[in-house]
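Visitor: In this text, residue positions in the sequence shown follow the UniProt record's numbering: the first is 1, and each later residue adds one. Structure incoming, see below.
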Amino acid sequence: MTTFKSMPVTEHKPVLVIKLGGSLLQKLTSAFYKELAQKTQSGQRVVIVHGGGPAINKQLEERSVSTTSVNGLRVTSPQAMEIVQSTLAGLVNPSLVHELTSAGIRAVGLNGFDDQMLTCTYLDQDVYGCVGEIQTVQTELIQTLMQGGFVPVLSCIGRTKEGMALNVNADTVAAKTALALQAEALLLVTDTEGIKLDGKTQNLLTPEAIKQSISSGDIYGGMIPKVHAAFDCLEAGVASVHIVGESLQGTQISQEVKVH
Ligand SMILES: Nc1ncnc2c1ncn2[C@@H]1O[C@H](COP(=O)(O)OP(=O)(O)O)[C@@H](O)[C@H]1O
Ligand SMILES: CC(=O)N[C@@H](CCC(=O)OP(=O)(O)O)C(=O)O
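Structure, rendered in structure tokens:
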């Protein structure tokens with residue numbers, strides 16, 4: 001059961017949580033950053049959560065450390081965890097913050113250790129090693145930064161109460177953060193323009209249809225943590241969840257199929 005600690009709400013401005021997948025971080029165009037800058041400069045509150053799977057793979061390979069994946073999650077040994085942490089917090093996060101600030105966005109890099117933001121337990125140490133299950137999202141720092149006009153940029157490193165770093169899938173961090181902030185919308189931005197079935201991007205899918213496509217193997221791998229993140233949010237009241245490409249076009253996941 002995840003608990004959320006947040007500030008007493010004095011003003012409730014809508015928040016948009018945008019998760020940038022590692023698969024597209026290197027490929028983001030200046031048009032994308034410009035659009036994001038326009039959103040933030042118009043007063044939209046934005047929190048960015050990022051992954052970095054390909055960058056982690058590169059660093060692991062350079063150090064000859066191999067990892068496997070179970071249910072779309074990286075099985076993370078203590079040795080791999082050091083590389084995950086140093087890659088996400090030391091390379092990917094500063095590089096993204098640089099791109100954002102260059103586009104005029106007042107971005108501030110964070111990870112789950114900052115003000116004890118993401119407190120985790122081990123998901124299942126025997127199966128996954130150093131992978132975290134988020135127990136608490138402390139939003140006070142994020143809220144304070146947004147009130148000051150900054151854009152928090154959060155990498156998906158969690159911490160145990162004892163101060164051990166744990167690897168958390170970035171889609172899950174984005175979903176839990178959206179829930180804690182009672183965000184109006186969650187955008188999971190990835191390298192494909194939404195969920196494709198039979199080669200076609202689906203504009204709208206229900207959780208039921210997605211579960212069937214997972215069983216049939218039409219939704220697999222890195223898409224699985226994304227759709228689970230979407231289900232968690234929809235169940236808990238984040239009204240709008242989208243899996244999109246860089247153009248911000250793609251698939252909306254909704255309990256209801258709209259009839260036009
Ligand atoms: N039905 C599907 N439609 C689109 N992509 C899918 C589907 N099922 C699995 N995928 C895979 O999910 C990938 C996106 O997940 P992932 O690589 O983890 O991205 P990110 O780094 O953005 O989190 C796509 O590139 C694609 O290979
Ligand atoms: C536990 C787990 O799988 N963690 C992910 C964290 C990075 C991530 O989620 O990056 P993407 O956005 O590129 O998928 C990993 O080690 O790859």
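Note that beta-carbon positions come from the ideal geometry of N, C-alpha and C, so glycine has one too.
1. Mapping the DSSP letters down to three states, classify residue 53 as helix, strand or coil.
2. Taking only the alpha-carbon atoms, compute the straight-line gap between residue 202 and residue 74 and give it to the nearest angstrom.
3. Classify residue 25 as helix, strand or coil using the three-state DSSP reduction.
4. For the alpha helix (DSSP H) containing residue 17, list its first residue and its last residue.
5. Counting Cβ pairs closer than 8 Å, one from the region 78–95 and one from the region 190–199, do we hit at least three?
6. Just curious, the beta strand (DSSP E) that residue 206 is in, first and last residue?
7. Taking buried to mean at least 16 other C-beta atoms within 10 Å of its own C-beta, is residue 143 buried or exposed?
8. If you draw a straight line from the alpha carbon of residue 146 to that of residue 45, how long is it in whole angstroms?
9. What are the start and end residues of the alpha helix (DSSP H) that includes residue 224?
10. Return yes when at least one heavy atom of ligand 1 lies under 7 Å from the C-beta of residue 200, else no.
11. Considering only residues of the region 98–161, which uninterrupted beta strand (DSSP E) runs meet the minimum length of 3 residues and lie entirely inside it, listed in chain order?
12. In angstroms with no decimal places, state the Cα-to-Cα distance between residue 162 and residue 113.
13. When the Cα atoms are used, what is the spatial distance from residue 160 to residue 221?
14. Alpha carbon to alpha carbon, how far is residue 60 from residue 187? Give it in angstroms, no decimals.
15. Exposed or buried, residue 94, counting other C-beta atoms within 10 Å across all chains shown (16 or more means buried)?
16. If you run the structure through DSSP and keep just helix, strand and coil, what is residue 83?
17. Quick one: Cα of residue 251 to Cα of residue 88, how far?
18. Can you find at least 3 beta carbon pairs, one from the region 210–217 and one from the region 167–177, that sit closer than 8 Å?
19. Which of the three DSSP states, helix, strand or coil, is assigned to residue 44?
20. The beta strand (DSSP E) that contains residue 241, what's its start and end?
21. Does ligand 2 have a heavy atom nearer than 7 Å to the CB of residue 170?
22. Please classify residue 177: does DSSP put it in a helix, a strand, or coil?
23. For ligand 1, is there any heavy atom lying closer than 7 Å to the beta carbon of residue 21?
24. Taking only the alpha-carbon atoms, compute the straight-line gap between residue 102 and residue 116 and give it to the nearest angstrom.
25. Taking buried to mean at least 16 other C-beta atoms within 10 Å of its own C-beta, is residue 29 buried or exposed?
26. Taking buried to mean at least 16 other C-beta atoms within 10 Å of its own C-beta, is residue 155 buried or exposed?
Guide: Reading it off the structure:
1. helix
2. 28 Å
3. helix
4. Looking at the DSSP string, residue 17 is not in any alpha helix (DSSP H); the run it does join, the beta strand (DSSP E), is 15–20.
5. no
6. Residue 206 -> no beta strand (DSSP E), and no H or E assigned at all.
7. buried
8. 6 Å
9. 223–235
10. no
11. 107–110, 118–122, 132–138, 151–155 and 157–159
12. 11 Å
13. 27 Å
14. 28 Å
15. exposed
16. helix
17. 27 Å
18. no
19. coil
20. 240–244
21. yes
22. helix
23. yes
24. 28 Å
25. exposed
26. buried
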